[in-house]
Structures are given as C-alpha cells and as structure tokens.
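Asks: Structure below; questions to follow.
2 protein chains.
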Amino acid sequence: MSRLTIKDIARICDVGTSTVSRAINDDPTVNWKTKQMILEAVQKYHYVPNNSARNLKRSESNNVAVLVKGQNNNFFQSMYGVFEDELQKYGYTFTMREAGTYDDEMNIAQELIREKRLKGIIFLGGMMENPDYELRHIDIPYVLCTVALKENHPDCSFTSIDDEKESEKAVSYLCEMGHRKIAMISSLKSDIGVGNLRQKGYKKALAKYGIPYDENLVGHMKENIPDYSYENGYEVTKELLYSGNDFTALFAISDTTAFGAYRAILESGKRIPEDISIIGFDGIDMTKFMYPSLTTIKQPGAELATESVQMLHAEINDKPHTYKVFDAALVEQESVRHI
Amino acid sequence: MSRLTIKDIARICDVGTSTVSRAINDDPTVNWKTKQMILEAVQKYHYVPNNSARNLKRSESNNVAVLVKGQNNNFFQSMYGVFEDELQKYGYTFTMREAGTYDDEMNIAQELIREKRLKGIIFLGGMMENPDYELRHIDIPYVLCTVALKENHPDCSFTSIDDEKESEKAVSYLCEMGHRKIAMISSLKSDIGVGNLRQKGYKKALAKYGIPYDENLVGHMKENIPDYSYENGYEVTKELLYSGNDFTALFAISDTTAFGAYRAILESGKRIPEDISIIGFDGIDMTKFMYPSLTTIKQPGAELATESVQMLHAEINDKPHTYKVFDAALVEQESVRHI
DNA sequence: GCAAAGTATGGAAACGTTTTCAATGAATAG
DNA sequence: CTATTCATTGAAAACGTTTCCATACTTTGC
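Put into structure tokens, the structure is as follows:
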C-alpha cells in the first residue's frame, strides 16, 4: 500500500536512489534501458512518490488555488470542473476557496499562500480598484479571471469579458426591439465592480438610442440579502414593479437575479415577454429551461477558465504578463419580444 | 514571507529546535514561560511550520477528500462550503472531487488516497450495493454521506436520510390532496441507487392508498443526457405528457428535474398546479423562487455535512462506527393543489 | 595513442520538521 | 547529606525525496 520508498525500488533494480529519482522525473541523462526497467518496477510494485518529501526537497508545492469572490454563484460553480481538469493537465493540484461578499480577499489569499505554500493563485470574480496596489503583497504568480478592473490594463495577467460593452449590447438589443422604458437590476449601491461596469453599459446604450436615463428605473440589490441571489432579484424587481414607474423591459445584472425577477413579475400578474421583456447575463444552464427561456449574454466560462490556467502556468514559468478579453454571445431566446 | 524555519525561531529565542517544536505543538512538558516567549516570537515573525516537512516526519497528511458522485448537482454543491468549514475546524485540509455518472468511484478514491495520502474520505452521493465489499480496498477511515445503501446497516459510518420513507411521504401527500393519477420522473432505468429507493417509496405510497401501479406513468431519465439535469427532467416530462397517459400530479426525483418538468408542462399549455401538481425532492434554494414555488422534500444538507465530518473525525481517532439517519421536511409551497 | 569531452551512474548532503534519548539542575525523600 | 525523582531542555537521528558532485567508463578529435 504505497509504503514503498524510492530506496526499495533502487534495491529491487539494483541501482542508486538518484537513478530512480531521475527515471521517474524523466531526466534525459538516464539510460533508456535502465529507465525502462525502473519504470516497470514502479508499475509492478505500485510505487508512488511521497509528495511531502518531494515538496519539502523542492521547497515548493504544486498547489494552485482558485479564490472565488461570492458564494453560491452558479456561473462560477460551472467553471470549477474546468479549472480542476485544466490545472491537472499541468500537474498542479487544485484548491478552491469561496470568499463572502464582505470578506477581505487579500487576507484570505495571504493565508492560503502561507498555509498551502501555493505556487500560484487565480482570483475569480470580484473587483479591484487598483490591482497593482491591492496585490502588492501577493508574492506568487497570479491571474485575474473576470475581476472587474478600474484601469484597463493593470500590470498583471488577466482574462475577462468586456462587461461594459456586453451590457451595452444587451440593452441595445432591447432598444432595437423597440423598448424605450428599460429598467435594470443593478448591484449594491456601493458596488464599484462588475455591477458598476454593467450599469455603465446600460447607460451608454440608452444614450446611444436617445433615451434619457431615469434613476428610478434602476433597482439596487439589498445589503441584507446575499447579492446576486434569486431572492435579491425577486425583491428588487418587486420594488421596481410597485414603484409606479412603468417599464416594458428589464435588464438583469445576472441570470440568477433574472430568475428572481421572473417570479416577481409573474406574481404581479404581468406576463413575460408580453408585458415585460427580460434579458439576463451569464448564460448559465438553467436559462434554457426557464419558461419562457431567458434571453441572455453568455459568458464563455470554460474558455475563461482554460485561458486563465494557461496564463498562470506561463506566469509560473516567468513568462511576461499577458491578457485576453473574450467576447460574450447574445443568446436570443423567448423572454424578449419586439414591440 | 514564511521563509522562516523552526531553527530561526530557535535562534531568536535562544532555545533548541525541539523546544520550539514542542511549544508550537502544545506539548505540556515545556515550561510555561518559555512557551510564552516562543509563541510570541512565532507571532511576531509570522513563522508558519512547513507542512511538507511536518507531514513527512509524521508520515501522514491531514488531507481529507470529499468524493462526489455526479457533477453539477445543486444540492451537493450547496454542501461544499459546509464541508470545508467543518473540516477546517478539526484542522483538516479539504479536497473536493466530482466523479461522473459513469466513472468508477473506487478507482478515483484509491488514486486520491495514494496521491494525496489522505487521512480520511467522505463519499457523497451515489450508490453501493454492498459497501463492505466495494470498499474493501479503501484502507483509510471513511464515511458515506447520502449514499444509497442496499442493506440497511453496513459495517461502517454513514449519514443519510431515508429516501424510501421520504418519497413515500411526498407521494402520500399528493394522495392526501386527492390525487390518484400520479406520475413520476425516475432515474435511469438501470439505476439501483437513490432513484431506486425513491421509486420504491412511490410504489409504497400508491399501495397504501389503494392506487394500482402503472408503469406507463413512470418516466426514466435518458442515458444520453446528464442525469438529474434540467434537460433530463424536461425531456422525460415531455414524453410523459405526450404518451397519452393522463395524470394530475407528478413526483420528481429531484428539484432540478422538477424544474425541467415545469417548462415541459407550461409549454404544453397546462397549468401548475391547476392541471398538474408537482412535488420535488432536495429542497434547493431555487424552489422558493420558482413560479409557482415548488413544494418539495427538503434534505438537511448542512446537518448531513456537519455530522459526516464529525463521524469521520471519530473514525480517524479509532472510535467505533456509527450512523445517523436524518429526517427530511415536507416544504409546502404552491405547486400542489387539492382536487 | 592520448587528451578532451561526453554519458551514465552512485554517494551523500540537504530540505524542515518531530521525536527519542540523554543530560542538566532542582526538588524531594530518607 | 546523599539518593532518587522530576521538570525542562538540547543534540541528533530520522522521514523520503532531489540534486550536486565525483567517479568510471566510452567515445571523439588530432
């Protein structure tokens, strides 16, 4: 039961431990024939190197963490598997950690780095006003994945979509469909992250179509309810509906909040899309099976994850910083109608 | 940056490394005063023990894995955070791994055990016909959490709910509400796990209320679609609806399949619950915000996770096996009506 | 042929802990 | 006052690797 050590293999093959070590680490200097023999013995006796010893000696782990901002986010959760598989391809082991809305990610990150002696870390979601400054104490390679950035190009690797542009796309689509009174479910009032960018896109689209911005049509999530939750979408929409401000379309900052909005709207006796059209954001699985199915902006989750891992691997190997901004796709389904 | 070793602390405090080691491991033989001094230095200089070295020496890790059967299961995903927190309380580090429907868990488990030198493992979900036999090669402490068991009391620790009883509860509730033609979304035809138990409960309830079992009213998930997915629920329900067999109520094997069923039903022009009542199983967040909200059997996810971790900790410390079967709650919402 | 270079190997030191063991001095017992 | 126990400590060995260095052959170049 994996009790064998490198010495046992060495004895069995009648070679030195260093040769065995070289063989299993694919060192080219070891003779083809001996290597073959050693690997066979390894197979036969089920030898597995002791990772603690290996890491100790190499004075490193090959742990990589993905630190997620926000809990129970369906979109992010759908990416976990991709991260895991992709990291494994490069031989990394994977730790996932969810940070609550009000947790300080940087503290958690530093804790993780120390505790697990991480080789790299991927920040997933959340927001950074000034990444270079905020990340100044993160002394290992890192990549930002869909982290809302204030400055366009911080001095680090990142992947994302253009939240502002894609939101503009969503709202423009509503405009093209003839809507002029368009409400929005936005994030916390105090938010300066993704929510902020998406709201900017919303405003931009309105301006483009000559529609005056009406702050009464923008509902902000409640502080006392988990953000981006079904419930928050529900509550915000209810408030919008009963505020007396009419609207024919609704842009939800995420699919989950759109889901909550569905209930609020249907409950009020209105129909989707006959009375109110809705467009969401993220493109999670569920949208296809909502009724009516939710038109949404689909983020390329798998691509984002895959690319982030590749970038991290590059960072770890001292390659220069790089970044990639993906396009999101408008998925037309049943929740928007032309008026 | 965590570059300090125990020797540095020893030098700083002018004591031997062994004393430092004893101090940080809370060995009672070390003098109160010196211990105090050492711990202060540890704090002050941010010393963090090197886990690799520690594990190497102790020849063990404190890794615990949770091996999940089935991917993208909302109910299980909601438990991850609880597992993580709870395991951390006992000082374990946590790895999560999802196994696909057709993967061989035992292989994955053994791989994990070797690779990460696990101290314990929790199996989450899935099914075992004969646990003692199937788990004969798992030579570390383990706990089964909501694993469908054929024999009632295998010789190991486990937590679960009584799937058969709770399903019977669900279907009995439908009967009490006056329904006689009750369809069911069941698992794969070949499934002998949870699905099987829940179907047994369904039959039992029917029998109790003198309703003949009609296999035409039981739809099985498709093999070519991920099981327990929205899509599978949708497809199965569509088939049930168009088979020409009338029913006034539907028992869905999970909330996610119930979600798919909603769409199929509404799409067909029928109403919920006026034409068809639905009851789900699991009690995930989403059910509250579906429209109409889904009446369901709520599994106590957090309690199951917490208890499982406690059991595992006990197992690791050579305590005898134990088990706990939790009650699930019928959550009455809007999707079932009295006829 | 002989120096230089290359190839394949093993020995041994090191990584940072924990733990055994012996040593020290203080305290207690007789 | 001596013999025993007790409390506290440090030195050093060990955990299982990787890697530097030295060694012993081969091969190549002239």
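These protein sequence lines are chains U and V, in that order.
With positions in the first sequence counted from 1, the corresponding number in our numbering is that position plus 678.
With positions in the second sequence counted from 1, the corresponding number in our numbering is that position plus 678.
Backbone N, C-alpha and C fix where the C-beta goes; we use that ideal spot for every residue, glycine too.
Can you round the beta-carbon distance between Ala883 of chain U and Ser838 of chain U to whole angstroms, since I take them to be within the 8 Å contact cut?
Replies: As a working note, residue 883 of chain U is residue 205 in the first sequence. As a working note, residue 838 of chain U is residue 160 in the first sequence. Contact doesn't hold; Cβ gap of about 20 Å is too wide.
Asks: In the DSSP assignment, find the unbroken beta strand (DSSP E) run with Ile956 of chain U in it and report its ends.
Replies: Within the first sequence, the letter at position 278 stands for residue 956 of chain U. For Ile956 of chain U, the enclosing beta strand (DSSP E) begins and ends at 955 to 960.
Asks: Taking the beta carbon of Tyr891 of chain U as the centre, do at least 16 other beta carbons fall within 10 Å, making it buried, or is it exposed?
Replies: The count along the first sequence starts at 1 and reaches residue 891 of chain U at position 213. Within 10 angstroms of the beta-carbon of Tyr891 of chain U lie fewer than 16 other beta-carbons, which makes it exposed.
Asks: Assign Pro706 of chain V to one of two classes, buried (16 or more other C-beta atoms within 10 Å of its C-beta) or exposed (fewer than that).
Replies: For the purposes of this step, residue 706 of chain V is taken as the residue at position 28 of the second sequence. With fewer than 16 Cβ atoms within 10 Å of its Cβ, Pro706 of chain V is classed as exposed.
Asks: Does the stretch 736 to 755 of chain V come within contact of the stretch 782 to 801 of chain V, defined as at least 3 CB pairs closer than 8 Å?
Replies: yes
Asks: To the nearest angstrom, report how far apart Lys966 of chain V and Met784 of chain U are at their CA atoms.
Replies: For the purposes of this step, residue 966 of chain V is taken as residue 288 along the second sequence, with counting starting at 1. For the purposes of this step, residue 784 of chain U is taken as residue 106 along the first sequence, with counting starting at 1. Approximately 34 Å, taken between the alpha carbons.
Asks: To the nearest angstrom, how far is the alpha carbon of Ser986 of chain V from that of Val825 of chain V?
Replies: Locating residue 986 of chain V in the second sequence gives position 308, where the first residue counts as 1. Locating residue 825 of chain V in the second sequence gives position 147, where the first residue counts as 1. Each residue's Cα considered, the two are about 12 Å apart.
Asks: Identify the contact partners of Asp963 of chain V in chain U, using a Cβ-Cβ distance below 9 Å as the criterion.
Replies: On the second sequence, position 285 is the one that residue 963 of chain V refers to. Those are Asn750, Ser907, Tyr908, Glu909, listed as they occur along chain U.
Asks: Kindly list, in the order they appear in chain U, the residues whose Cβ is closer than 7 Å to that of Ala731 of chain V.
Replies: The residue given as residue 731 of chain V occupies position 53 in the second sequence. Within 7 Å Cβ-Cβ: Leu734.
Asks: Looking at the structure shown, is Ser680 of chain V part of a helix, part of a strand, or coil, going by DSSP?
Replies: Within the second sequence, numbered from 1, the residue matching residue 680 of chain V stands at position 2. Note that Ser680 of chain V scores 47 on pLDDT, short of 50, meaning its location in the model is unreliable and no value can be drawn from it.
Asks: How about the stretch 950 to 961 of chain V and the stretch 923 to 940 of chain V: do they share at least three Cβ pairs that are nearer than 8 Å?
Replies: yes
Asks: Could you list which residues in chain U have their beta carbon closer than 7 Å to that of Gln755 of chain V, in chain order?
Replies: The residue given as residue 755 of chain V occupies position 77 in the second sequence. Those are Gln755, listed as they occur along chain U.
Asks: Locate the alpha helix (DSSP H) running through Asn741 of chain U, then write down its first and last residues.
Replies: Position 63 of the first sequence, counted from the first residue, corresponds to residue 741 of chain U. Taken as a continuous stretch (DSSP letters only), Asn741 of chain U belongs to no alpha helix (DSSP H), being part of the beta strand (DSSP E) at 741 to 747.
Asks: Which bits of chain V does Tyr969 of chain U rub up against, with CB to CB less than 7 Å?
Replies: For this step, residue 969 of chain U is matched to residue 291 along the first sequence. Under the 7 Å cutoff, chain V gives Tyr940, Arg941, Leu944, Glu945.
Asks: Please report the straight-line C-alpha distance between Glu846 of chain V and Lys878 of chain V, rounded to a whole angstrom.
Replies: Counted from its first residue, the second sequence places residue 846 of chain V at position 168. Counted from its first residue, the second sequence places residue 878 of chain V at position 200. Rounded to whole angstroms, Glu846 of chain V to Lys878 of chain V spans 8 Å at the Cα level.
Asks: With 7 Å as the limit, tell me which residues of the stretch 855 to 870 of chain V have their beta carbon closer than that to any beta carbon of chain U; keep them in chain order.
Replies: Cβ contacts with chain U come from no residue of the stretch 855 to 870 of chain V.
Asks: Under 9 Å, Cβ to Cβ, is there at least one residue of chain V near Phe959 of chain U?
Replies: One-based indexing of the first sequence puts residue 959 of chain U at position 281. Judged by the 9 Å Cβ criterion, Phe959 of chain U is not in contact with chain V.
Asks: Would you please state the rounded distance, in angstroms, between the beta carbons of Thr974 of chain V and Gly961 of chain V? I believe it to be under 8 Å.
Replies: Stepping through the second sequence from its first residue, residue 974 of chain V is reached at position 296. Stepping through the second sequence from its first residue, residue 961 of chain V is reached at position 283. That belief holds up - the Cβ atoms of Thr974 of chain V and Gly961 of chain V are roughly 5 Å apart, short of 8 Å.
Asks: Please decide whether Arg639 of chain U counts as near chain V, where near means a Cβ-Cβ distance under 9 Å.
Replies: Because chain U in this structure spans residues 679 to 1017, residue 639 of chain U falls outside the shown range and cannot be described.
Asks: My output table needs one value for Tyr811 of chain V: the three-state DSSP class, helix, strand or coil.
Replies: The count along the second sequence starts at 1 and reaches residue 811 of chain V at position 133. Note: Tyr811 of chain V maps to helix in three-state DSSP.
Asks: Report the partner residues of Phe937 of chain V according to the DSSP bridge assignment.
Replies: Translated into positions along the second sequence, residue 937 of chain V becomes position 259. Per DSSP, none; premise fails for Phe937 of chain V.
Asks: Three Cβ pairs or more, each shorter than 8 Å: is that satisfied between the stretch 995 to 1002 of chain U and the stretch 765 to 783 of chain U?
Replies: Short answer: they don't touch.
Asks: Going by Cα to Cα distance, which pick from U:Tyr820, U:Glu917, U:Leu875 is closest to Gln988 of chain U?
Replies: By 1-based counting over the first sequence, the position of residue 988 of chain U is 310. The shortest Cα separation from Gln988 of chain U among U:Tyr820, U:Glu917, U:Leu875 belongs to U:Tyr820.
Asks: Which of the three DSSP states, helix, strand or coil, is assigned to Ala1006 of chain U?
Replies: Taking the first residue of the first sequence as 1, we reach residue 1006 of chain U at position 328. Coil, per DSSP.
Asks: I'd like to know whether the C-beta of Tyr723 of chain V is nearer than 9 Å to at least one C-beta of chain U.
Replies: By one-based count along the second sequence, residue 723 of chain V stands at place 45. For Tyr723 of chain V, the answer is no, since every Cβ of chain U falls outside 9 Å of its Cβ.
Asks: Assuming Asp833 of chain V and Asp810 of chain V are in contact, meaning their beta carbons sit under 8 Å apart, how far apart are those beta carbons, in whole angstroms?
Replies: Numbered from its first residue, the second sequence carries residue 833 of chain V at position 155. Numbered from its first residue, the second sequence carries residue 810 of chain V at position 132. Their Cβ separation, rounded to whole angstroms, is 5 Å, which keeps Asp833 of chain V and Asp810 of chain V in contact under 8 Å.
Asks: Would you call the CB atoms of Gln1011 of chain V and Ser955 of chain V closer than 9 Å?
Replies: On the second sequence, position 333 is the one that residue 1011 of chain V refers to. On the second sequence, position 277 is the one that residue 955 of chain V refers to. The answer is no: Cβ separation not under 9 Å.
Asks: Output the boundary residues of the beta strand (DSSP E) element that contains Cys853 of chain U.
Replies: Stepping through the first sequence from its first residue, residue 853 of chain U is reached at position 175. Counting along the chain, Cys853 of chain U falls outside any beta strand (DSSP E), though it belongs to the alpha helix (DSSP H) covering 841 to 854.
Asks: Mind checking if Arg949 of chain V is an interface residue toward chain U, Cβ cutoff 9 Å exclusive?
Replies: Working through the second sequence from its first residue, we reach residue 949 of chain V at position 271. By this cut-off, Arg949 of chain V is not an interface position.
Asks: What residues from the stretch 765 to 781 of chain V come within 9 Å of chain U, judged by C-beta to C-beta, listed N to C?
Replies: Listed by position, the residues of the stretch 765 to 781 of chain V near chain U (Cβ gap below 9 Å) are Thr771, Phe772, Thr773, Met774, Arg775, Glu776.
Asks: If we cut at 9 Å on Cβ distances, does Ile759 of chain V have a partner in chain U?
Replies: For this step, residue 759 of chain V is matched to residue 81 along the second sequence. Checking the sequence, you will find Gly at residue 759 of chain V rather than Ile. For Gly759 of chain V, the answer is yes, since a Cβ of chain U falls inside 9 Å of its Cβ.
Asks: Using alpha carbons as the reference points, say which of V:Lys916, V:Lys859, V:Leu682 lies closest to Arg941 of chain V.
Replies: Position 263 of the second sequence, counted from the start, is the residue given in the question as residue 941 of chain V. The closest CA to that of Arg941 of chain V, considering only V:Lys916, V:Lys859, V:Leu682, is found on V:Lys916.
Asks: When we look at the beta-carbon of Val1003 of chain U and count the other beta-carbons within 10 Å, is it buried (16 or more) or exposed?
Replies: Numbered from its first residue, the first sequence carries residue 1003 of chain U at position 325. Looking at its Cβ environment, which holds fewer than 16 other Cβ atoms inside 10 Å, Val1003 of chain U is exposed.
Asks: At the level of alpha carbons, what is the spacing between Thr1000 of chain V and Glu981 of chain V?
Replies: For this step, residue 1000 of chain V is matched to residue 322 along the second sequence. For this step, residue 981 of chain V is matched to residue 303 along the second sequence. Near 15 Å, if we compare the C-alpha coordinates of Glu981 of chain V and Thr1000 of chain V.
Asks: Span of the alpha helix (DSSP H) holding Glu901 of chain U?
Replies: Here residue 901 of chain U is taken as the residue at index 223 of the first sequence, counted from 1. No alpha helix (DSSP H) holds Glu901 of chain U; DSSP gives it neither H nor E.
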